[in-house]
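*Asks:*
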Amino acid sequence: MRSLCVRLFSVQEEVCVLWSCDEPAHFTSSAGNAGLTDHVMTSMLTRTLHLLIVLTAFLLSGTAFQVSAQAPTITESTEEISVSSSDDGAIESRINAIFAEIGALNAVSAEVNEGVVSLGGTVADQTDIDRAVSIASRFQGVVTVEQSIERDLSVDRSLSPAIASLENSLRRGWEALPLVGLAIGVFLVILIIGHLLASWSALWQRLTPNPFLAEIVSQAVRIVAVIVGLVMALNLVGATALMGAILGGAGVIGLAIGFAVRDTVENYIASIMLSLRQPFRANDHVLIDDHEGRVVRLTSRATVLMTLDGNHLRVPNSTVFKAVILNYTRNPERRFEFELGVDAEDDPVAAMATGIAAISGLGFVLGEPKPDAIIMSVGDSNIVIRFMGWVNQSETNFGKARSLAIRAAKDAVEEAGFTLPEPIYRLRFDGAPVQVKAGTGVTVSEGQASAAPPAKSKAAATPDAKSAEASVLDTRPDDHIAEKVDEERAQTGEKDLLDNGRPVE
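Under our numbering, residues 38 to 542 are what the sequence shown spells out, in order.
1) Can you name the residues that DSSP bridges to glutamine 242?
2) With a threshold of 7 Å on Cβ separation, who are the neighbours of valine 379 within its own chain once the five nearest residues in sequence on each side are excluded?
3) Give the secondary structure of proline 385 by DSSP, where H, G and I count as helix, E and B as strand, and everything else as coil.
4) Under a three-way DSSP split, which group does aspartate 75 fall into?
5) Check this for me: beta carbons of valine 145 and alanine 169, under 8 Å apart or not?
6) Mind checking whether glycine 266 and leucine 219 have CB atoms under 8 Å apart?
7) Roughly how far, in whole angstroms, is the beta-carbon of glycine 398 from the beta-carbon of alanine 410, given that I think they are within contact range, below 8 Å?
8) Can you find the residues in the same chain that come closer than 7 Å, C-beta to C-beta, to leucine 345, ignoring five residues on each side of it along the sequence?
9) Using a Cβ-Cβ cut-off of 8 Å, state whether aspartate 125 counts as contacting chain D.
10) Which of the three DSSP states, helix, strand or coil, is assigned to serine 122?
11) Classify glutamate 60: buried if its beta carbon has 16 or more other beta carbons within 10 angstroms, exposed otherwise.
12) With three or more C-beta pairs closer than 8 Å as the rule, is the segment 278-287 touching the segment 312-329?
13) Need the endpoints of the alpha helix (DSSP H) that proline 248 sits in, please.
14) Are the CB atoms of serine 312 and arginine 338 nearer to each other than 8 Å?
15) Below 8 Å CB to CB, which residues in the same chain sit around aspartate 533 once its five sequence neighbours on both sides are set aside?
16) How far does the beta strand (DSSP E) with proline 353 in it extend, from its first residue to its last?
17) Reducing DSSP to helix, strand and coil, say where threonine 456 ends up.
18) If you draw a straight line from the C-alpha of aspartate 515 to the C-alpha of arginine 351, how long is it?
19) Taking DSSP as the reference, what is the three-state secondary structure of aspartate 326?
20) Can you give me the Cβ contacts of valine 541 inside the same chain, cut-off strictly under 6 Å, excluding the 5 residues immediately before and after it?
21) Compute the Euclidean distance between the alpha carbons of proline 248 and methionine 413, then round it to the nearest angstrom.
22) Rounded to the nearest angstrom, what separates phenylalanine 466 and proline 460 at their Cα positions?
23) Determine the extent of the alpha helix (DSSP H) in which aspartate 167 is found, giving its start and end residues.
24) Using a Cβ-Cβ cut-off of 8 Å (strictly less than) and excluding sequence neighbours within five positions of isoleucine 221, which residues of its own chain qualify?
25) Taking the alpha-carbon positions, what's the isoleucine 186 to isoleucine 166 distance?
26) Taking only three categories from DSSP, how would you classify asparagine 537?
27) With DSSP collapsed to three states, give me the class of phenylalanine 317.
28) Since alanine 453 and isoleucine 396 are thought to touch, with beta carbons under 8 Å apart, how far apart are those beta carbons, to the nearest angstrom?
29) Could you give the DSSP three-state label for serine 312: helix, strand or coil?
30) In this structure, does DSSP put glutamate 520 in helix, strand or coil?
31) Would you kindly work out how many angstroms separate the C-alpha atoms of leucine 203 and glycine 178, rounded to a whole number?
32) What's the C-alpha gap between glutamate 252 and tryptophan 241?
33) When the Cα atoms are used, what is the spatial distance from glutamine 430 to glutamate 520?
34) State the Cα-Cα distance for the pair threonine 512 and phenylalanine 435, rounded to the nearest angstrom.
35) Please work out which residues of its chain come closer than 6 Å, Cβ to Cβ, to alanine 360, disregarding the five sequence neighbours upstream and downstream, and give them in chain order.
36) Determine the DSSP secondary structure at arginine 367, reduced to helix, strand or coil.
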């Protein structure tokens with residue numbers, strides 16, 4: 038770099054000297070102007086040529102400096118090989134000397150005549166032929182290369198390079214054994230450290246909100262330890278290209294596996310989200326889409342329910358995460374409703390007041406919110422009224438409460454003189470006599486037929502019927518399913534992602 042700066046400074050001085058105008062010009066007469074002009078033009082042309090020569094020398098010297106400053110990075114140069122003489126003998130001697138130094142080409146000979154190189158001999162591989170032609174064609178003064186090299190197919194000549202390569206590989210492998218052992222040791226040390234760190238369950242349970250996430254974090258630590266150990270080991274042995282291939286292959290395989298087990302991955306992620314959100318508690322009475330039951334537990338794969346008829350139901354967590362969840366336990370107060378129809382000729386408001394009074398008189402019906410009723414529709418033969426009331430599910434069986442409320446409202450409306458009409462069908466007979474069997478209770482008059490229902494006798498209550506009636510009238514909540522859920526949770530040691538210590542969503 039210092040010589041380049043000195044050369045540049047010298048060129049700069051040369052340019053300044055060449056183009057300086059220190060010589061005075063004297064114009065004494067018009068007769069001498071032509072000679073003076075020719076002198077000036079000649080001087081300028083001379084200085085211009087001198088400047089071009091200096092600049093060319095500077096550029097060539099700069100190029101030579103750059104080439105000499107570069108360190109050789111390849112075994113065989115791609116530039117032309119120049120010799121001190123263009124004589125054919127010198128070229129031939131140089132080519133043969135080079136071939137003699139290359140083991141694969143030591144059986145190849147070259148002859149040069151008028152710049153034409155003729156190659157002959159035998160080689161063990163086709164690539165050696167191309168290599169010999171390439172070397173010969175790079176000499177200055179070579180016009181063309183004619184090759185008549187033959188490939189030696191003998192067993193000894195063909196096996197020799199392979200055996201030499203194998204011996205070289207074994208020798209290099211033996212020399213690299215200490216380095217490989219060190220790489221394996223580093224990998225094992227990092228792997229053991231990662232395993233010990235991942236097994237520190239107390240730390241991960243303290244850092245994560247639930248056991249499921251703690252397990253995920255510990256598995257992630259193990260995977261990271263394996264990757265870091267593998268990278269360190271491959272870097273020690275210099276197999277960075279192999280490391281890139283392994284990571285690329287692992288990425289492709291992971292992508293393929295991800296598409297193959299997409300549903301499983303979705304279910305796994307849903308389990309994580311449900312464990313964080315805590316949408317319900319254990320033993321809650323829930324309705325998940327069309328699946329109803331009490332929650333037994335939330336696992337890493339499914340939500341386990343015990344249906345109201347005592348069966349186990351496993352709902353995938355991906356379905357639970359996307360489903361509409363109705364929780365009957367979160368709010369103990371629940372409204373029941375039913376419909377009754379009164380005759381179209383009756384006063385619906387009076388029937389509503391009668392039914393509300395009967396429902397309010399039941400002990401299990403809450404006084405606040407108060408029972409209510411609305412007219413739903415007017416049919417062909419009746420007016421449909423919907424009655425509503427509230428109960429406390431923690432103290433009352435919802436199904437029995439609704440059943441007894443229907444009974445009370447129906448009896449009260451009938452006792453008040455309101456009619457609960459049955460569907461009426463009008464039959465028209467044109468010209469044909471009506472044949473009515475005896476004993477059916479049907480009377481036929483001109484233009485109208487009426488059916489009188491036969492009188493029913495009230496059956497006497499037996500002791501068993503009285504016991505069953507007492508059981509029906511008992512509106513205490515049925516805790517059998519809830520007790521079975523608690524019993525199963527106490528006996529089974531399976532992990533549960535539901536945490537009573539965390540807030541419910």
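Where a beta carbon is used, it is the ideal one built from N, C-alpha and C, also for glycine.
*Replies:* With the given structure in hand:
1) Position 205 of the sequence shown holds residue 242. Answer is none; glutamine 242 lacks a bridge partner.
2) As a first step, residue 379 must be located in the sequence shown, where it is residue number 342. Counting only Cβ-Cβ distances below 7 Å, and skipping sequence neighbours, we find Pro385, Ala388, Asn419, Ile420, Ile422, Val450, Phe455, Thr456 and Leu457.
3) Within the sequence shown, the letter at position 348 stands for residue 385. Helix.
4) Counting from 1 along the sequence shown, the entry for residue 75 is found at position 38. Model confidence at aspartate 75 stands at a pLDDT of 44, short of 50, so the residue's coordinates are unreliable and nothing is read from them.
5) Start at 1 with the first residue of the sequence shown, and residue 145 comes out as number 108. Start at 1 with the first residue of the sequence shown, and residue 169 comes out as number 132. Cβ distance < 8 Å, so valine 145 and alanine 169 count as in contact.
6) Walking along the sequence shown from the start, residue 266 turns up at place 229. Walking along the sequence shown from the start, residue 219 turns up at place 182. No, they are not a contact pair.
7) The residue you call residue 398 lines up with position 361 of the sequence shown. The residue you call residue 410 lines up with position 373 of the sequence shown. Between alanine 410 and glycine 398 the Cβ distance is about 15 Å, and since that is not below 8 Å, they are no contact.
8) The sequence position of residue 345 within the sequence shown is 308, counting from 1. Excluding positions up to five away in sequence, the list reads Glu329, Gly330 and Ile518.
9) Absent from the structure is chain D; it holds one protein chain and no more.
10) Within the sequence shown, the letter at position 85 stands for residue 122. Caution applies to serine 122, whose pLDDT of 45 falls short of 50 and renders its modelled position unreliable; the model cannot decide the point.
11) For the purposes of this step, residue 60 is identified with residue 23 of the sequence shown, where counting begins at 1. Only weak support is given to the placement of glutamate 60: the predicted model assigns it a pLDDT of 40, under 50, and the value that follows is read from those uncertain coordinates. By the 10 Å Cβ count, glutamate 60 comes out exposed.
12) no
13) Against the sequence shown, residue 248 aligns to sequence position 211. Proline 248 -> alpha helix (DSSP H) spans 248-274.
14) To locate residue 312, count along the sequence shown from 1; it is residue 275. To locate residue 338, count along the sequence shown from 1; it is residue 301. No, the pair does not count as a contact, with Cβ atoms beyond the cut-off.
15) The residue given as residue 533 occupies position 496 in the sequence shown. Ala319, Arg334, Leu335, Thr336 and Arg526, listed in sequence order.
16) Numbered from 1 along the sequence shown, position 316 holds the residue referred to as residue 353. From DSSP, the beta strand (DSSP E) with proline 353 extends over 349-353.
17) As a first step, residue 456 is located in the sequence shown; it is residue number 419 there, counting from the start. In this structure, threonine 456 counts as coil in the three-state DSSP scheme.
18) As a working mapping, residue 515 is identified with position 478 in the sequence shown. As a working mapping, residue 351 is identified with position 314 in the sequence shown. Approximately 23 Å between the Cα atoms of the pair.
19) Counting from one through the sequence shown, the residue named residue 326 turns up at place 289. It is coil, neither helix nor strand.
20) Counting from 1 along the sequence shown, the entry for residue 541 is found at position 504. So the qualifying residues of the chain are Gln315.
21) For the purposes of this step, residue 248 is taken as residue 211 along the sequence shown, with counting starting at 1. For the purposes of this step, residue 413 is taken as residue 376 along the sequence shown, with counting starting at 1. One C-alpha to the other measures close to 52 Å.
22) The residue given as residue 466 occupies position 429 in the sequence shown. The residue given as residue 460 occupies position 423 in the sequence shown. For phenylalanine 466 and proline 460, the distance between alpha carbons rounds to 20 Å.
23) Numbered from its first residue, the sequence shown carries residue 167 at position 130. 163-174 is the span of the alpha helix (DSSP H), which, as asked, contains aspartate 167.
24) Looking up residue 221 in the sequence shown gives position 184. For isoleucine 221, where only same-chain residues beyond five positions count, the Cβ hits under 8 Å are Ala270.
25) Position 149 of the sequence shown holds residue 186. Position 129 of the sequence shown holds residue 166. Near 7 Å, if we compare the C-alpha coordinates of isoleucine 166 and isoleucine 186.
26) The residue given as residue 537 occupies position 500 in the sequence shown. It is coil, neither helix nor strand.
27) In the sequence shown, the residue the question calls residue 317 occupies position 280. It is coil, neither helix nor strand.
28) Start at 1 with the first residue of the sequence shown, and residue 453 comes out as number 416. Start at 1 with the first residue of the sequence shown, and residue 396 comes out as number 359. Between isoleucine 396 and alanine 453 the Cβ distance is about 14 Å, and since that is not below 8 Å, they are no contact.
29) Translated into the one-based positions of the sequence shown, residue 312 becomes position 275. Serine 312 falls in the helix class under three-state DSSP.
30) Your numbering for residue 520 matches position 483 in the sequence shown. Looking at glutamate 520 - three-state DSSP - the assignment turns out to be helix.
31) For this step, residue 203 is matched to residue 166 along the sequence shown. For this step, residue 178 is matched to residue 141 along the sequence shown. Roughly 40 Å separates the two Cα atoms.
32) Along the sequence shown, read from residue 1 onward, the residue named residue 252 stands at position 215. Along the sequence shown, read from residue 1 onward, the residue named residue 241 stands at position 204. Using only the alpha carbons, I get a separation of about 8 Å.
33) By one-based count along the sequence shown, residue 430 stands at place 393. By one-based count along the sequence shown, residue 520 stands at place 483. Whole-angstrom Cα-Cα distance: 16 Å.
34) For the purposes of this step, residue 512 is taken as residue 475 along the sequence shown, with counting starting at 1. For the purposes of this step, residue 435 is taken as residue 398 along the sequence shown, with counting starting at 1. Spanning the two alpha carbons is a distance of roughly 8 Å.
35) As a first step, residue 360 must be located in the sequence shown, where it is residue number 323. Cβ neighbours of alanine 360 beyond the five flanking positions: Ile325 and Asp326.
36) By one-based count along the sequence shown, residue 367 stands at place 330. Residue state, collapsed to three classes: coil.
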